[in-house]
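From first to last, the protein sequence lines are chains G and D. Residue numbers for the first sequence follow the numbering used here, beginning at 1 and rising by one. Residue numbers for the second sequence follow the numbering used here, beginning at 1001 and rising by one. Notes follow the structure.
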Amino acid sequence: MSDKQEHQKPNRREFIQKGMRLTLGASLAGVAGFAALKVSADDYVWQLDPFKCVYCGRCADYCVVTPSAVKCVHAYDLCGYCDLCGGYLKPDANARSTAAENQLCPTAAIKRKFVEDPYFEYEIDEELCFGCAKCVEGCTSFGNGSLHLQVRHDLCVNCNECSIARVCPADAFERVPASNPYKIKGDFSQGTASSNPA
Amino acid sequence: MNRISKILFTLTALLLSLPAWAQQRFPKPEFETGYLQPITLQAAPRALFLEYLDVFMLIATLAIATWFVVKKRSRRGVMWTSVFALLYFGFFREGCICAIGSIQNITLALFDPAYVLPFTALAFFVIPLVVTLFYGRTFCAGVCPLGAIQDLVAFRPIEIPKWLQKVLGMIPYLYLALAVLYAATKSEFLICRYDPFVGLFRFDAEFQMLLLGGLFLLVGIFVARPYCRFFCPYGVLLGWMSAFSTKHMKITPSNCIQCKLCANSCPFGAIDEPVEEQGSRRSNVQRLMTYLIFIPLWIGIGGLAGSMLHVPLAKFNKTVYLAEQLVAHPELKQDTEHIDARAFMQSGKSMDQLVTEAKEIRSQFYWGGWILGGFMGLVVGLTLLKLASHRTRNDYEPDKTNCLSCGRCMDYCPVKK
Chain G
1 MSDKQEHQKP NRREFIQKGM RLTLGASLAG VAGFAALKVS ADDYVWQLDP FKCVYCGRCA
61 DYCVVTPSAV KCVHAYDLCG YCDLCGGYLK PDANARSTAA ENQLCPTAAI KRKFVEDPYF
121 EYEIDEELCF GCAKCVEGCT SFGNGSLHLQ VRHDLCVNCN ECSIARVCPA DAFERVPASN
181 PYKIKGDFSQ GTASSNPA
Chain D
1001 MNRISKILFT LTALLLSLPA WAQQRFPKPE FETGYLQPIT LQAAPRALFL EYLDVFMLIA
1061 TLAIATWFVV KKRSRRGVMW TSVFALLYFG FFREGCICAI GSIQNITLAL FDPAYVLPFT
1121 ALAFFVIPLV VTLFYGRTFC AGVCPLGAIQ DLVAFRPIEI PKWLQKVLGM IPYLYLALAV
1181 LYAATKSEFL ICRYDPFVGL FRFDAEFQML LLGGLFLLVG IFVARPYCRF FCPYGVLLGW
1241 MSAFSTKHMK ITPSNCIQCK LCANSCPFGA IDEPVEEQGS RRSNVQRLMT YLIFIPLWIG
1301 IGGLAGSMLH VPLAKFNKTV YLAEQLVAHP ELKQDTEHID ARAFMQSGKS MDQLVTEAKE
1361 IRSQFYWGGW ILGGFMGLVV GLTLLKLASH RTRNDYEPDK TNCLSCGRCM DYCPVKK
């Protein structure tokens, strides 16, 4: 950057230009080379670890897309098909029914279907779900924790830094390889510890 | 009373953390009616080859823009290339991935051992810099969607006084240094958080983000490309490369006739006028030497100031902020409404662990503050040095560091052959 050589012959200035160009090229190559040591051909996407999640409800508020790209998913492998479902019914529900005043979900996104006595299936309508995690809290506190949040990759725009990850109090968000982008809870009784491969 | 609430809280925390032990309280029933369990849907993310297509598009648009600027000397060509880039990288790809943000991915790759760098991020960082080292900032002119959207609204550019340009021109260096500091300490991606146009590209954003974008576009009517010139941190790196580029675009294809049309046409004030050197050579060299000697002093002052600011700078780190809050207000630990405090209590980490962690991050900010401040000192010193030197210039020439290669001057130049 020094301009001392302003009155010297032009080839001297050219020499400095060339030197600076080489220095810049070399430092760029150095930085890129060091970074390339960590490079992966795969792409990376954001996902949340359901075992770290504390269902604070920020996923509903902080996503850059509205409604949030984080939705509740149902890991059926883990579900107990309870009649008294902690994720579906309010703790102070009057009756175990589909009446609106008994439902925990603010948008009625959970569909309760009778399977056989005394079991019920719970299905998430993702069109209605906005990731508030109220059902997740209920299911995890009183049930098996089969209802949990996941980033839906057909909705997620994959920001360079996820704006939910920035505020997640449990640091549950992480970058995962795009080839294995979900962390769905598995069946504990089968001995699979965390997510299934899918 | 306090003890009871503590016990109660611990019990609740234990109850809430039960799932972490991964037990199935209610075993799955064995159905007798032949009920088929539905499958949990897992929609796939964007296909990998599309990410590679983005890299290909980057190379292609960059090549076309460079060809238009350097070889064809066509302003119209560059402009339409930039419109295409705005549509593709901006509105179709919704502003992510971009070369500006990739600075942080590279920084994180250098500082965080656990981080894996996607190839696309590396490509978006390196390719524009390499091209700029040869042909000048054609990336800014034809490829960057943030530049393109501002270029299209620059209807009534006013001339900004040189001194103001110089002062505002230091903001990008500070922004770059801060972005690197926050990425290196794994705090956050500052550039992405305050990207003014990504909300417009997505047609969906928080109010503040849209406000910021709208403000930049509004100001951009009168001050051409305000983000590019006075904020863009990637522009700093491109400027370094461009300053020493070999085949940077020329205003005239042959001999300048000193008509000054180009200088009037440049909305960015990036054309240097012809100057004669004043004063004796001896006094000029002496003046430059004085400025040179002052540079270490600038670096020292900057470093000291930066290191003194490390406490407020570190506040933007989540862990440090939580630790500070909990140390100052221990009662927050019992506050179930305070989400971060509650999550911390549930995590089972001890206060000591949190404080040690926060102290470590703060010390990173202390050394980072020295480097950041020193860098800013160097920038101030070199800017002053450059201002003090008057190199004789016979013709109107593009200021290679700040020239965005948009090609307006070539369009206005009456010398066509």
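Backbone N, C-alpha and C define an ideal beta-carbon position, used for all residues, glycine too.
Using the C-alpha atoms, what's the distance from Y62 of chain G back to V1223 of chain D?
-> The count along the second sequence starts at 1 and reaches residue 1223 of chain D at position 223. The count along the first sequence starts at 1 and reaches residue 62 of chain G at position 62. Cα to Cα, the separation comes out at about 33 Å.
Which parts of the region 32–114 of chain G are runs of the beta strand (DSSP E), unbroken and 3 residues or longer, counting only runs that do not cross its ends?
-> Within the region 32–114 of chain G, the runs of beta strand (DSSP E) at least 3 residues long that lie entirely inside it are, in chain order, 44–48, 70–74.
For the ligand HEM, any of its heavy atoms closer than 6 Å to the Cβ of D1352 of chain D?
-> Among the components modelled here there is no ligand, and therefore nothing to report on the ligand HEM.
At 7 Å on the CB atoms, spell out the chain G contacts of L1129 of chain D, in chain order.
-> Residue mapping note: residue 1129 of chain D aligns to position 129 of the second sequence, counting from 1. Per Cβ cutoff of 7 Å: L28.
How many angstroms separate the CA atom of A1123 of chain D from the CA atom of I184 of chain G?
-> Against the second sequence, residue 1123 of chain D aligns to sequence position 123. Against the first sequence, residue 184 of chain G aligns to sequence position 184. Their Cα atoms are separated by approximately 32 Å.
Is there contact here, the region 1070–1082 of chain D with the region 1398–1409 of chain D, by at least three beta-carbon pairs under 8 Å?
-> Taking 8 Å as the limit for Cβ pairs, the verdict is that the region 1398–1409 of chain D does touch the region 1070–1082 of chain D.
For N180 of chain G, which residues from the same chain have a beta carbon less than 6 Å from its beta carbon, with the 5 sequence-adjacent residues on both sides left out?
-> Walking along the first sequence from the start, residue 180 of chain G turns up at place 180. Closer than 6 Å at the Cβ level, and outside the excluded window around N180 of chain G, lies no residue.
For A1183 of chain D and F1104 of chain D, believed in contact at Cβ under 8 Å, the rounded distance | Stepping through the second sequence from its first residue, residue 1104 of chain D is reached at position 104. Stepping through the second sequence from its first residue, residue 1183 of chain D is reached at position 183. Correcting the residue type first, residue 1104 of chain D is Gln in the shown sequence and not Phe. Going by Cβ atoms, the distance from Q1104 of chain D to A1183 of chain D rounds to 4 Å, so yes, they are a contact pair.
Cα separation between C82 of chain G and F142 of chain G?
-> Taking the first residue of the first sequence as position 1, residue 82 of chain G is located at position 82. Taking the first residue of the first sequence as position 1, residue 142 of chain G is located at position 142. Between C82 of chain G and F142 of chain G, the alpha-carbon positions lie close to 11 Å from each other.
Sequence-distant residues of the same chain with beta carbon closer than 7 Å to L1332 of chain D, five excluded per side | Stepping through the second sequence from its first residue, residue 1332 of chain D is reached at position 332. Here L1332 of chain D has Q1325, L1326, H1338, A1341 as same chain residues with Cβ atoms under 7 Å from its own Cβ, once five neighbours each way along the sequence are excluded.
Entirely within the region 1314–1346 of chain D and at least 4 residues each: give me those alpha helix (DSSP H) ranges in chain order.
-> You should have 1318–1328.
Would you grab the beta carbon distance between A1043 of chain D and D49 of chain G for me? Rounded to a whole angstrom, and I think it's under 8 Å.
-> Along the second sequence, one-based indexing puts residue 1043 of chain D at 43. Along the first sequence, one-based indexing puts residue 49 of chain G at 49. About 19 Å separates the two Cβ atoms, so there is no contact after all.
What are the boundary residues of the alpha helix (DSSP H) that R1075 of chain D is part of?
-> Numbered from 1 along the second sequence, position 75 holds the residue referred to as residue 1075 of chain D. 1075–1085 is the extent of the alpha helix (DSSP H) around R1075 of chain D.
Count the other CB atoms within 10 Å of the CB of V1167 of chain D; is the residue buried (16 or more) or exposed (fewer)?
-> Here residue 1167 of chain D is taken as the residue at index 167 of the second sequence, counted from 1. Label assigned to V1167 of chain D: exposed.
Name the chain C residues that come within less than 9 Å of F114 of chain G, Cβ to Cβ?
-> Given the protein chain composition of this structure (G and D), no chain C is represented.
Determine whether the Cβ of C1192 of chain D lies closer than 7 Å to any Cβ atom of chain G.
-> Here residue 1192 of chain D is taken as the residue at index 192 of the second sequence, counted from 1. At least one CB atom of chain G sits nearer than 7 Å to the CB of C1192 of chain D.
Would you report the Cα separation of I164 of chain G and C56 of chain G, rounded to the nearest angstrom?
-> Here residue 164 of chain G refers to the residue found at position 164 of the first sequence. Here residue 56 of chain G refers to the residue found at position 56 of the first sequence. Across the structure, I164 of chain G and C56 of chain G are spaced so that their CA atoms are roughly 11 Å apart.
So which of D:L1117, D:T1132, D:M1249, D:F1084 has the shortest CA-CA distance to L28 of chain G?
-> The residue given as residue 28 of chain G occupies position 28 in the first sequence. Checking every option, the nearest Cα to that of L28 of chain G belongs to D:T1132.
Any chain G beta carbon closer than 7 Å to G1101 of chain D = By 1-based counting over the second sequence, the position of residue 1101 of chain D is 101. Using beta-carbon distances, G1101 of chain D counts as an interface residue toward chain G, with a partner under 7 Å.
Pull up the distance between the alpha-carbon of T1383 of chain D and that of G1306 of chain D, whole angstroms please.
-> Stepping through the second sequence from its first residue, residue 1383 of chain D is reached at position 383. Stepping through the second sequence from its first residue, residue 1306 of chain D is reached at position 306. If you draw a straight line from the Cα of T1383 of chain D to the Cα of G1306 of chain D, it is about 19 Å long.
Give a yes or no on whether the C-beta atoms belonging to T1185 of chain D and Q1364 of chain D are separated by under 7 Å.
-> Walking along the second sequence from the start, residue 1185 of chain D turns up at place 185. Walking along the second sequence from the start, residue 1364 of chain D turns up at place 364. With respect to Q1364 of chain D, T1185 of chain D sits close: the two C-beta atoms are nearer than 7 Å.
Rounded to whole angstroms, what's the CA-CA distance from L1108 of chain D to E1030 of chain D? Just pull it up for me.
-> Indexing the second sequence from 1 puts residue 1108 of chain D at position 108. Indexing the second sequence from 1 puts residue 1030 of chain D at position 30. Between L1108 of chain D and E1030 of chain D, the C-alpha separation is close to 49 Å.
If we count Cβ pairs, one from each stretch, closer than 8 Å, do we get three or more for the region 1235–1255 of chain D versus the region 1359–1377 of chain D?
-> Flag = no, the region 1235–1255 of chain D and the region 1359–1377 of chain D do not touch.
Spell out whether any CB of chain G is found under 7 Å from the CB atom of Y1035 of chain D.
-> As a first step, residue 1035 of chain D must be located in the second sequence, where it is residue number 35. Y1035 of chain D counts as touching chain G.
Is the shortest distance between the beta-carbon of E1337 of chain D and the beta-carbons of chain G less than 7 Å?
-> Position 337 of the second sequence, counted from the start, is the residue given in the question as residue 1337 of chain D. Output row for E1337 of chain D: interface = no.
Cα-Cα, which of G:V70, G:Q103, G:A26, G:T107 is closest to A60 of chain G?
-> Start at 1 with the first residue of the first sequence, and residue 60 of chain G comes out as number 60. For A60 of chain G, the nearest C-alpha among the options comes from G:V70.
For I1097 of chain D, which of helix, strand or coil comes out of DSSP?
-> Locating residue 1097 of chain D in the second sequence gives position 97, counting from the first residue. Shown here, I1097 of chain D sits in coil according to DSSP, grouped into three states, outside any helix or strand.
Specify the secondary structure class of L128 of chain G as computed by DSSP and reduced to three states.
-> Counted from its first residue, the first sequence places residue 128 of chain G at position 128. For L128 of chain G, the secondary structure class from DSSP, reduced to helix, strand or coil, is coil.
With respect to the alpha helix (DSSP H) encompassing F1207 of chain D, which residues constitute its N-terminal and C-terminal limits?
-> The sequence position of residue 1207 of chain D within the second sequence is 207, counting from 1. Under the DSSP assignment, F1207 of chain D falls in the alpha helix (DSSP H) whose first and last residues are 1207–1222.
What residues in the region 1133–1159 of chain D have a beta carbon less than 7 Å from any beta carbon of chain G?
-> Within the region 1133–1159 of chain D, the residues whose Cβ lies closer than 7 Å to some Cβ of chain G are L1133, listed in chain order.
If you count every other CB in all the chains shown that lies within 10 Å of the CB of W46 of chain G, and 16 or more means buried, which is it?
-> For the purposes of this step, residue 46 of chain G is taken as residue 46 along the first sequence, with counting starting at 1. Counting the other CB atoms within 10 Å of its CB gives W46 of chain G a total of 16 or more, which places it among the buried residues.
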